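FYI, this note's numbering numbers position 481 of the sequence shown as 1248, with every residue one higher than the one before it.
We put the beta carbon where it would ideally sit given N, CA and C, even for glycine.
This one's a predicted model, so the numbers in the text were calculated from it and none came from an experiment.
Notes follow once the structure below has been shown.
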Amino acid sequence: MDSQINTSSFLDPSSEPQTENRDTAYWALAFRRSNAPTITELAQRRASQLDSIKTRWSFIVGRAALESQSDLEKQYDSSTLHSSNASGVFTPADPPPSPPAMTRIEEILFIFITCIAQFMSLSALNQTVAPVMVLADHFHIEDYGTLSWFSASFSMSVGTFILPAGRLGDMYGHKRIYLIGWLWFAIWSLISGFGHSSGVIVFSICRAFQGIGPALIVPNAVALIGRTLPLGQKRNIGFACFGACGPLGAAAGAAFAAILADLAWWPWEFWILSIVCVIVMFLAYIILPDEVVVVTPGLKGPERPKFDYWGSITGVSGLVLINFALNQAPLVAWNEPYIGAILAVGCVCMAAFVFVELYATDYPLIPIRGLSKDAVFALTCIVAGWASHGIWAYYLYLFLEHLRGHSALLTAAETSPVAITGVGFAFSTVWLIKHWGVHYVMFIAMTFFMLGALLLGTMPIDQTYWSQTFVSVLIMPGAMNLSYPAANILLSSALPREKQGIAASLVSTMVNYSISCGLGFAGSIDRYVIADAAKRRGWQPSPDNPAPLSDHSQTATEIRLEGLRGAYYFAVGLGGLGMAVAFVYILVSHRRQKLQARQGTPQG
């Protein structure tokens, strides 16, 4: 409809008609107040106000997508915030939309149905970590590198597809993509369960496709929390619960997978997960509020962010190829020609991705030009810290189950304290950031990453669990649940308001992709350290694998321990790198504060 209609009369809340057909009443009111018999005369009379009206509504609609209801109520009376036409599409003649008011029960259900995305994502990751030796026996795997593919392929998909998934939510509605994600998660969990009879390669591919499900649900769950809960305590509680579900999901997933692997049959963990995903999908359809499409003046239809097709193609291709090369190299060695070729093609794709994001699109997946020093500091810490964490978690289960001979169920019990300390750290993060500052919290998190890996890298096989293992399990959740919100806060302050969703998706991408790449590097280190240790001992039962998993001799165990420690020392180095970057950021922040204080003194 032509935007030259008298929209100024619609802004008066006292003139709002008390009728069910709000649209008809608004148009009747417009004609009644204009004293004009036709639309043409009304348009001519108000032509001088056209530019100001368009400008004002463009500003209003743009802010509506970013601000909570509490912010909007400062500009408009609450009685003007709920007008829409029969199709559920807000037009320039309607006030901007706001989050629907919810009762306490509805808020609890909403937080539950969104936070379960983080819970199930970490739970699914641990499906193949907890019963790692059960899977090794089933698939007749003789090396750690092949086993790591079951977890690395899942994390690779989550980290790779999160960014385009968030953009799809902006385009087609976060609830819709959230529901599609649960359906995809259910289908490929079901298929993964049947992968038990198809071999290592097919099962790893199934895990990769399964990971696309969490890639769809996690960023859109974050967006739903940010756009539905009002700014303030309720939104903080929502994000705190979301963070707490990470360690809870990891512990629950490990325990559930271990119980089924030891007492029943391991494929059942995937089939039961598929059933749970279907149930959650139907609950989400009922609980989540419907979203509203906003129409911007001057456009013919609802405004949607454009999809960066070339950026998605080049970025996803590059990330997948690089990750494949890193995780395949431990199996076949780096001197295989196709490893270098795949890695080179992946790097070319990433170079093309950077070019596209900088010069060839107006809607980049990653706002490279907008990344400030703060954002670079935060992302570097996240990459280093979470790559260290992936190595810590994977090799912890290998150490306990293979070298110490513990069952999957006992190992799950030994790692269960992460749930308790994880929840504690998650709900204390807001207080710590408020009183200590984001940069100090990030430094503490990186220190925990480093110490957790150092404790496991130096512990002997026959040491009691309550010594280094227990302490490492206690402090590592602090690294996870302090670094993740700290990075989100840093990127949120470093990027403009219209790119806050991209900021959250970017952190999640770096977390999951770093885990997968870290496992690839650690696998290569493990392979070459084992080969060197076997050569020094003159131990060579197999030319390709000097210490197969089925060999439980003392020499083979010692060689395996050296390789595992090599991987852990690499994780320590990653944690130390994160500490160094965080420390530099502390110095930069203090210098910036001093400069601001000096500049502000004359003005005061």
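- Per DSSP, the unbroken alpha helix (DSSP H) holding Ala990 starts and ends at 967-995.
- Under the 10 Å beta carbon count, Asn1102 is surrounded by fewer than 16 other beta carbons and is classified as exposed.
- Runs of alpha helix (DSSP H) with 4 or more residues, each lying fully within the stretch 1133-1208, are found at 1140-1165, 1175-1182, 1184-1203, listed in chain order.
- Contact between the stretch 1297-1307 and the stretch 1171-1184 is absent: fewer than three C-beta pairs spanning the two stretches fall below 8 angstroms.
- Per DSSP, Tyr1052 is one residue of the alpha helix (DSSP H) stretching across 1035-1054.
- Using a Cβ distance threshold of 8 angstroms, Trp1038 and Gly966 do not count as a contacting pair.
- Non-local beta-carbon contacts of Leu957 in its own chain, meaning distances under 8 angstroms to residues more than five positions away in sequence, involve Phe1037, Trp1038, Ser1041 in chain order.
- Under the criterion of beta carbons closer than 8 angstroms, Ala1246 and Ala1212 qualify as touching, at roughly 5 angstroms.
- Annotation: the continuous alpha helix (DSSP H) that includes Pro1097 extends over 1076-1099.
- By the CB criterion at 8 angstroms, Ile1297 and Ala1220 fall outside the cutoff.
- In the same chain as Phe1215, and ignoring 5 residues on each side of it, the C-beta atoms closer than 6 angstroms to its own belong to Ile1242, Gly1245, Ala1246, in chain order.
- In this structure, the CA atom of Thr1225 is about 21 angstroms from the CA atom of Gly912.
- Assigned with DSSP and collapsed to three states, Pro898 falls in coil, not helix or strand.
- Exclusion of the five residues before and after Ala1160 leaves Val896 as the residues of its chain whose Cβ lies within less than 7 angstroms of its Cβ.
- Going by DSSP, Ser1234 is part of no alpha helix (DSSP H) at all; its letter is neither H nor E.
- Three or more Cβ pairs closer than 8 angstroms define a contact, and the stretch 1140-1159 meets that threshold against the stretch 1246-1255.
- In this structure Leu991 is not in contact with Phe1166, their Cβ atoms being roughly 39 angstroms apart against a cut-off of 8 angstroms.
- Within the same chain, Cβ atoms closer than 6 angstroms to the Cβ of Asn987 are found at Gly936, His941, Ile944, Tyr945, the five residues on either side in sequence being excluded.
- Excluding residues up to 5 positions away in sequence, Ser920, Phe921, Met923, Ser924 lie with their Cβ nearer than 8 angstroms to the Cβ of Ala975 in the same chain.
- DSSP, read as helix, strand or coil, puts His941 in helix.
- Val901 sits close to Ala1028, with the two beta carbons spaced by under 8 angstroms.
- Inclusion of Gly1010 and Thr1196 in the CB contact set at 8 angstroms is warranted, their separation being smaller than that value.
- Shortest Cα-Cα distance from Pro1097 to any of Ser1317, Met887, Cys1284, Gln885 involves Cys1284.
- Taking the Cα of Leu1354 as reference, the smallest distance to any Cα among His905, Pro1315, Gly1204 is reached at Gly1204.
- In this structure, Trp1032 is the residue among Ala1254, Trp1032, Ala1253 with its C-alpha nearest to the C-alpha of Asp904.
- Distance from the CA of Ala1017 to the CA of Leu1125, rounded to the nearest whole angstrom, comes to 37 angstroms.
- Setting aside the 5 residues that flank it on each side, Phe1192 is surrounded in the same chain by Pro1244, Gly1245, Asn1248, Leu1249, each with a C-beta closer than 7 angstroms to its C-beta; the list follows chain order.
- Remark: C-beta atoms of Ile984 and Ala891 do not approach each other more closely than 8 angstroms.
- Inclusion of Gln1235 and Leu1223 in the CB contact set at 8 angstroms is warranted, their separation being smaller than that value.
- Gly980 sits away from Cys973, with the two beta carbons spaced by 8 angstroms or more.
- Put simply, the backbone Cα of Cys1116 is about 29 angstroms away from that of Val989.
- Rounded to the nearest angstrom, the gap between the Cα atoms of Ala1111 and Val1083 is 15 angstroms.
- Counting only runs of 4 or more residues that sit fully inside the stretch 1330-1364, no alpha helix (DSSP H) segment turns up.
- At a Cβ-Cβ threshold of 8 angstroms, Lys1001 and Glu874 count as neighbours.
- By the criterion of a C-beta distance shorter than 6 angstroms, Phe1337 is surrounded in its chain by Ala1289, Ile1292, once the five residues flanking it on both sides are discounted.
- The shortest C-alpha to C-alpha distance from Tyr1352 to any of Ala1142, Gly1172, His1202 is the one to Ala1142.
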